[in-house]
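Protein sequence lines correspond, in order, to chains X and A.
So the numbering used here is basically just the index in the first sequence, starting at one, shifted up by 804.
So the numbering used here is basically just the index in the second sequence, starting at one, shifted up by 804.
Data block below; observations after.
Protein chains: 2
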Amino acid sequence: VNAEILTIGDELMRGEIVDSNKARLAERLLSLDLETRFQTSVGDDPEDIADAFRRAAGRSRVVLVSGGLGPTRDDITVEVLARSFGRELVLHEPSLEGIRAFFARFGRTMAANNEKQAWFPEGAEVLPNPVGTAPGCMLEQGESLFFCMPGVPRELELMMDEQVLPRLGARLGRRGVVRAMLLRTFGVGESTLDEMLRDVAKDGDVVLGFRTAFPDNYVRPVARGASAEEAEAKLARVCQAIRERLGPIIYGSGDETLEEVVGRLLREHGLSVAVAESCTGGLLAERISSVPGASDYFRGGVVAYANAAKTALLGVPEALLREHGAVSEAVARAMAEAVRERFGTDLAVATTGISGPGGGSAEKPVGLVWVALAREAGSQARDFVFPFDRPRHRLVTSQLALDWLRRLLLGEEPIAPRYLERPRPPGGGEGR
Amino acid sequence: VNAEILTIGDELMRGEIVDSNKARLAERLLSLDLETRFQTSVGDDPEDIADAFRRAAGRSRVVLVSGGLGPTRDDITVEVLARSFGRELVLHEPSLEGIRAFFARFGRTMAANNEKQAWFPEGAEVLPNPVGTAPGCMLEQGESLFFCMPGVPRELELMMDEQVLPRLGARLGRRGVVRAMLLRTFGVGESTLDEMLRDVAKDGDVVLGFRTAFPDNYVRPVARGASAEEAEAKLARVCQAIRERLGPIIYGSGDETLEEVVGRLLREHGLSVAVAESCTGGLLAERISSVPGASDYFRGGVVAYANAAKTALLGVPEALLREHGAVSEAVARAMAEAVRERFGTDLAVATTGISGPGGGSAEKPVGLVWVALAREAGSQARDFVFPFDRPRHRLVTSQLALDWLRRLLLGEEPIAPRYLERPRPPGGGEGR
Chain X
805 VNAEILTIGD ELMRGEIVDS NKARLAERLL SLDLETRFQT SVGDDPEDIA DAFRRAAGRS
865 RVVLVSGGLG PTRDDITVEV LARSFGRELV LHEPSLEGIR AFFARFGRTM AANNEKQAWF
925 PEGAEVLPNP VGTAPGCMLE QGESLFFCMP GVPRELELMM DEQVLPRLGA RLGRRGVVRA
985 MLLRTFGVGE STLDEMLRDV AKDGDVVLGF RTAFPDNYVR PVARGASAEE AEAKLARVCQ
1045 AIRERLGPII YGSGDETLEE VVGRLLREHG LSVAVAESCT GGLLAERISS VPGASDYFRG
1105 GVVAYANAAK TALLGVPEAL LREHGAVSEA VARAMAEAVR ERFGTDLAVA TTGISGPGGG
1165 SAEKPVGLVW VALAREAGSQ ARDFVFPFDR PRHRLVTSQL ALDWLRRLLL GEEPIAPRYL
1225 ERPRPPGGGE GR
Chain A
805 VNAEILTIGD ELMRGEIVDS NKARLAERLL SLDLETRFQT SVGDDPEDIA DAFRRAAGRS
865 RVVLVSGGLG PTRDDITVEV LARSFGRELV LHEPSLEGIR AFFARFGRTM AANNEKQAWF
925 PEGAEVLPNP VGTAPGCMLE QGESLFFCMP GVPRELELMM DEQVLPRLGA RLGRRGVVRA
985 MLLRTFGVGE STLDEMLRDV AKDGDVVLGF RTAFPDNYVR PVARGASAEE AEAKLARVCQ
1045 AIRERLGPII YGSGDETLEE VVGRLLREHG LSVAVAESCT GGLLAERISS VPGASDYFRG
1105 GVVAYANAAK TALLGVPEAL LREHGAVSEA VARAMAEAVR ERFGTDLAVA TTGISGPGGG
1165 SAEKPVGLVW VALAREAGSQ ARDFVFPFDR PRHRLVTSQL ALDWLRRLLL GEEPIAPRYL
1225 ERPRPPGGGE GR
């Protein structure tokens, strides 16, 4: 079964936006064990769109189309779809009502050009769009199934998940069922993960995928079975085996971010946290507070970027800064202890380091970072040296601090110092 | 002149990575006034790649290919290119030496499979890759010019800028020269910008493009001339006209971010800044400190997320919080004044608001934000109500605070309160 993806829009042709919809759709097709074979983009040109439709009909069973469903003159996807296959456009009354209602909800009147969005090719099945005005449609043309969806990512994802995948799953039911899970890890390289899991998933019906999303690495087991139950059972088994092998290296699954995991654990334990940041400059506070409801456990932080601020705001003794320097175990611990006391929290973390590009020395190179954790029982600090650039030094440092909190809350040891410092091989040499 | 882009790799077909290379290449083609007409991606399948090559040769004068130049068995782009057009592969000795030297630089020995990267189709011109092991090539096939480049973004960009664009420019020299500039604005909607600039660029050789990158809007004038001098002069004229019309709504140009502009102005004025954040939760500090060298003007900040922290760390009187609430003019100003005093800076900004999704009331809805600015002469605060979601409320609030700093340093009025609050039409309805 061939699947292909077609995205439409002049803004793609001009490189004004990065087309993330193709990856979104391709990844979701995998859940039905469908691998995309072709991906095409064309501009808002009727000839080019029609040509792409006809070529797709000749070679692919499944054709996912995104973009060009809006109300403006440029949006011609549905019209061209009808014309390409010699079909009339017919008015879909429920869609027209839906679009009117959508505007009414926001206290506005439907513009005349929005009516266009309620016309579909004869024989098409309309796919509702509860979060926008552009409904989609499914059209069977010869051997091919066309699905037209909006280009707005949020609308596209919802329509793909709730309308397209169930219909596709039913049509291709004979193929068996596939279930997948994304396991999120931090602190171990992709090749090490691959080695650690070498003898997991030897069953041909289970495949492991790997993906890097700095500073994390993801493992994605995909299991296939004759039924949903069988696929789910296989997936549960392989996930269990992976979890046994990797232990706390896995910090979460699915969409859950590390800051969400830490927030959940803090809430479960009824503990509060504050942060003191030098090199991360506010990133750690920003990540913790980005989670809705974070005020339940996050009290705040101090960004003590200048040394004087470390003394004035956190009471780090000037003598300590003179003797050890700002990037040192002593200062990191003093920052964490002070911020914990000032905010009156159960836990506190602190970061101090040299993010670069300037500021490094032979003794304290760019990439050196100290992370400290304070609790009632006292404080500890750990150091790392990273081979990255300024933004990645900041990001991985905030990740280390969060991961240490997570491991503490789980009763696990923090990840071994210097574990992460091994430089990766030089970037070159790979085609992609 | 048709231009098309072809990217190659199984990871694209599986949606494992978002293909940003197409936008990278398409945007660069615009500098030669070439708009892409087709964009295609296929997996590492020799038949599919060959098919894509032959189709491109039949319809496009310029074909940019990215990916599949690596040393592994999957990397077959060059081999298939040769075979598709009946050409032999020949060894390019200088490339082989270059690859050996690349490994030697990192103290490693070239693996046998890297030799493959030095073979090219007969008649191709090799394009050097100073930052990786995979050289590219240019092949003229009938009417078409193929350029094969690596998929690693950094290598791709360098090869495109230094090898491909000059060759293309020379070949297509008869087309004239195009120059473009990105002007970054904040605080005015795209349609308002469009109206404000209606009678600018009426000359057919100058075109205005618009692009939204929340919370900013960009204007991109593109000018064409018979020579580089003529194009540059036209571009300078239209930029001048746009700047006269928009004034301080334009905060910068090219790649310069608002935090970079503010940092540059602070350094020029020899002034320092600190921040007090509630609703932005560290984002403002993070943005200011993300700029290399920020320690010259940024002293730090307090993330006073909990009310108790506003009192303990910033000395905001409890009575003030009780009387006005945390999201109020009085508290915003008290925060800005206190953080300025504690960090001993010339300037300070503060944010307090209700980012949502929870925490709103009839009187103080989700999206309400107060931003305050303190200097020696005293403090001021302004309020806004935004119709967005939590992450965008935080982002636009940090942008407002930075923009106020910028305007202060330029001697301009801050952007009018509530100027931004007009709700945009509901997200739906646009196909893309």
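Ideal Cβ positions, reconstructed from N, Cα and C, are used throughout, including at glycine.
| Asked | Found |
| --- | --- |
| Mind pulling the beta strand (DSSP E) runs of 3 or more residues that sit fully within the stretch 1132 to 1181 of chain A? | 1151 to 1157 and 1172 to 1179 |
| Is there a C-beta anywhere in chain A that falls below 9 angstroms from the one on residue 1229 (chain X)? | Because residue 1229 (chain X) sits at a pLDDT of 34, beneath the cut-off of 50, its placement in the model cannot be relied upon, and the following sentence gives the value as read from the coordinates. It does: the Cβ of residue 1229 (chain X) has a partner Cβ on chain A nearer than 9 angstroms. |
| Just to confirm, is the Cβ distance from residue 1190 (chain A) to residue 1171 (chain A) under 9 angstroms? | yes |
| Can you check whether the C-beta of residue 1194 (chain A) is within less than 9 angstroms of a C-beta belonging to chain X? | yes |
| Beta-carbon of residue 1153 (chain X) versus every beta-carbon of chain A: anything under 9 angstroms? | no |
| According to DSSP, is residue 876 (chain X) helix, strand or coil? | coil |
| Any chance you could list the beta strand (DSSP E) runs of at least 3 consecutive residues sitting entirely within the stretch 941 to 1013 of chain X, in chain order? | 948 to 953, 981 to 984 and 987 to 990 |
| Tell me whether the beta-carbon of residue 1202 (chain A) lies closer than 9 angstroms to the beta-carbon of residue 1088 (chain A). | yes |
| Under 9 angstroms between beta-carbons, which chain X residues line up against residue 843 (chain A)? List them in chain order, please. | 811, 816, 817, 823, 843, 844, 845 and 846 |
| Would you please verify whether the beta carbon of residue 997 (chain X) is less than 9 angstroms from any beta carbon of chain A? | no |
| Taking just the CA atoms, how far does residue 1028 (chain A) sit from residue 1034 (chain A)? | 8 angstroms |
| Residue 856 (chain A) lies in the alpha helix (DSSP H); which residues open and close that run? | 850 to 863 |
| Less than 7 angstroms between C-beta atoms, sequence neighbours within five positions excluded: which residues of the same chain meet that for residue 903 (chain X)? | 914, 918, 921, 922 and 937 |
| Between the alpha carbons of residue 1094 (chain A) and residue 1121 (chain X), how many angstroms are there, rounded? | 26 angstroms |
| Tell me the DSSP bridge mates of residue 1020 (chain X)? | X:990 and X:1017 |
| Which residues of chain X have a Cβ atom closer than 9 angstroms to the Cβ of residue 835 (chain A), listed in chain order? | Per Cβ cutoff of 9 angstroms: no residues; residue 835 (chain A) is ~11 angstroms from chain X at best. |
| Within a Cβ cutoff of 8 angstroms, which residues of the same chain sit near residue 1227 (chain X), ignoring the five residues on either side of it in sequence? | Interpretation of residue 1227 (chain X) is limited by its pLDDT of 40, a score under 50 that renders its predicted location unreliable; the figure taken from the coordinates is listed afterwards. Once the five neighbours on either side are set aside, the close Cβ partners of residue 1227 (chain X) are 1191. |
| Out of curiosity, what's the CA-to-CA distance linking residue 1211 (chain A) and residue 1002 (chain A)? | 25 angstroms |
| Taking Cβ positions, are residue 964 (chain X) and residue 1058 (chain X) nearer each other than 9 angstroms? | no |
| Using a Cβ cut-off of 9 angstroms, pull out every chain X residue sitting near residue 1102 (chain A), in sequence order please. | 1085, 1107, 1109 and 1110 |
| Can you check DSSP and say which residues form a bridge with residue 840 (chain A)? | A:807 |
| Who does residue 870 (chain X) pair with in a DSSP beta bridge? | X:811 and X:953 |
| In chain X, what lies closer than 8 angstroms to residue 827 (chain A) by C-beta? | 816, 819, 820, 821, 822 and 823 |
| Grouping DSSP H, G and I as helix and E and B as strand, with all else coil, what is residue 1235 (chain X)? | A caution first: residue 1235 (chain X) carries a pLDDT of 27, below 50, which makes its placement in the model too unreliable to give a value. |
| Do you know how far the Cα of residue 848 (chain X) is from the Cα of residue 813 (chain X)? | 5 angstroms |
| Name the residues in the stretch 1116 to 1135 of chain A whose C-beta lies less than 9 angstroms from a C-beta of chain X; which are they? | 1116 and 1117 |
| Pull up the distance between the alpha-carbon of residue 1180 (chain X) and that of residue 1119 (chain X), whole angstroms please. | 18 angstroms |
| For residue 1095 (chain X), name the three-state secondary structure that DSSP assigns. | coil |
| What separation, rounded to the nearest whole angstrom, lies between the Cα atoms of residue 840 (chain X) and residue 1026 (chain A)? | 37 angstroms |
| Looking at chain A, is there any beta carbon in it that lies within less than 9 angstroms of the beta carbon of residue 1164 (chain X)? | no |
| Taking C-beta pairs closer than 7 angstroms, name the residues in chain A that residue 1089 (chain X) reaches, listed in chain order. | 1085, 1086 and 1107 |
| Using the Cβ count rule (16 or more neighbours within 10 Å means buried), how would you classify residue 1236 (chain A)? | In this predicted model, residue 1236 (chain A) has a pLDDT of only 27, less than 50, meaning its place in the structure is not dependable enough to derive any value. |
| One question on the structure: do residue 943 (chain X) and residue 928 (chain X) come within less than 9 angstroms of each other, judged by their Cβ atoms? | yes |
| I'd like to know whether the C-beta of residue 968 (chain A) is nearer than 9 angstroms to at least one C-beta of chain X. | no |
| Have a look at the DSSP bridge pairing and note the partners of residue 1028 (chain A). | A:982 |
| Spatial neighbours of residue 1208 (chain A) within its chain, please: C-beta separation below 6 angstroms, excluding the five flanking residues on both sides. | 1177 and 1218 |
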